[in-house]
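A.B. asks:
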DNA sequence: TTGACATGCAACCATTTAGTTGCATAATCT
DNA sequence: AGATTATGCAACTAAATGGTTGCATGTCAA
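Chains as they are written, first to last, in the working numbering: chain C, 10 to 116; chain F, 10 to 116.
(1) From residue 28/F to residue 70/F, what distance separates their C-alpha atoms?
(2) Can you name, in chain order, every residue of its own chain whose Cβ lies under 8 Å from the Cβ of residue 23/C, other than the five neighbours on each side?
(3) Exposed or buried, what is residue 84/F when buried is set at 16 or more other beta-carbons lying within 10 Å of its beta-carbon?
(4) For residue 48/F, which residues in the same chain have their Cβ closer than 7 Å to its Cβ, ignoring the five residues on either side in sequence?
(5) Along chain F, in chain order, which residues have C-beta atoms closer than 9 Å to that of residue 73/C?
(6) List, in chain order, every chain F residue whose beta-carbon is nearer than 8 Å to that of residue 96/C.
(7) Can you determine whether any heavy atom of the ligand GTP sits closer than 7 Å to the C-beta of residue 63/F, and answer yes or no?
(8) With a threshold of 6 Å on Cβ separation, who are the neighbours of residue 21/C within its own chain once the five nearest residues in sequence on each side are excluded?
(9) So, using beta-carbon positions, are residue 50/C and residue 12/C closer together than 8 Å?
(10) Can you tell me whether residue 108/C is buried or exposed, with buried defined as 16 or more other CB within 10 angstroms of its CB?
(11) Locate the alpha helix (DSSP H) running through residue 12/F, then write down its first and last residues.
(12) Under a three-way DSSP split, which group does residue 47/F fall into?
(13) Count the other CB atoms within 10 Å of the CB of residue 45/C; is the residue buried (16 or more) or exposed (fewer)?
(14) So, using beta-carbon positions, are residue 86/F and residue 97/C closer together than 8 Å?
(15) Along the alpha helix (DSSP H) that carries residue 85/F, what are the first and last residues, could you check?
(16) Please state whether DSSP places residue 77/C in a helix, a strand or coil.
(17) Quick check: the Cα distance between residue 106/C and residue 56/F, rounded to an integer number of angstroms?
(18) Less than 7 Å between C-beta atoms, sequence neighbours within five positions excluded: which residues of the same chain meet that for residue 81/F?
Structure below.
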């Protein structure tokens, strides 16, 4: 799970995922086209995404095709994010309690 | 949104959020108790969480109380993660297409 | 009022990260 | 076969990150 969070931490990498979302199965060169950095930098980002299993690679001759794998995203949602999200009302009421407690002391 | 993803990238910080999930409104010292690093390191992590608005701080005398704020998590879910998650079936069929395309060429 | 406790601030350090440049290799096209 | 294209690999650099230590400050309690 750590690798997925780490992979998502960089906005260039999230951008790459977004570009694959728009058009899946792009080659490395295609992914580089609208980006400012060098191809080698993009390669490194994609390698991280691949390690985190967020992107799957298919070789087609000398071309490297990149496909999204949305499963790890579902996993971090299910295992972590949803848990915290479900507690929004409770967290807010606890914060309110905290505020009251402080004000009581002050009064 | 970037700050939230960055904040979540570190496992110590996710752990801190988990500890607040178990018991909201803890002081800095309390949060330090079961961790291996120094108080100052924890402070830095909490500062990042605060900047990302994942944690809200209430001062109570000399004590700093930390409360969860689950809203940013909901936001990154709504604005980013859900979008990608919703496309699981499509992403998988695109990957399949890719595989077929390659196999066709080979045959 | 003095001592203990909760926290902040600053300087420093090692590692990781995000990027670069330069060169090598392999597939494709003419 | 030769030129072009798609990619990989390695070495290097600057900046960010995660951690430390040492000392300062403010609050509480005896």
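No residue lacks a Cβ here, since even glycine has one placed at the ideal position from N, Cα and C.
C.D. replies: The short version:
(1) Per the coordinates, the alpha-carbon of residue 28/F lies some 22 Å from the alpha-carbon of residue 70/F.
(2) 17, listed in sequence order.
(3) Exposed, because fewer than 16 other Cβ atoms sit within 10 Å of the Cβ of residue 84/F.
(4) The residues are 37, 41.
(5) Going along chain F, no residue has its Cβ under 9 Å from residue 73/C, so there is no contact; the nearest lies around 11 Å.
(6) Annotation: Cβ neighbours of residue 96/C in chain F (cutoff 8 Å, chain order): 30, 77, 79.
(7) As far as ligands go, the structure on display features none, and thus does not contain the ligand GTP.
(8) Once the five neighbours on either side are set aside, the close Cβ partners of residue 21/C are 54.
(9) No. Outside cutoff.
(10) By the neighbour-count rule (16 or more Cβ atoms within 10 Å), residue 108/C is not buried but exposed.
(11) Where residue 12/F is concerned, the enclosing alpha helix (DSSP H) stretches over 11 to 17.
(12) In this structure, residue 47/F counts as coil in the three-state DSSP scheme.
(13) Burial call: exposed.
(14) For residue 86/F and residue 97/C, no; Cβs fall outside 8 Å.
(15) Per DSSP, residue 85/F belongs to the alpha helix (DSSP H) from 80 to 85.
(16) Three-state DSSP puts residue 77/C in a strand.
(17) When rounded, the separation of the alpha-carbon atoms in residue 106/C and residue 56/F is 22 Å.
(18) The beta carbon of residue 81/F sits closer than 7 Å to the beta carbons of 13, 61, 62, 63 from its chain, once the five residues preceding and following it are set aside; these are given in chain order.
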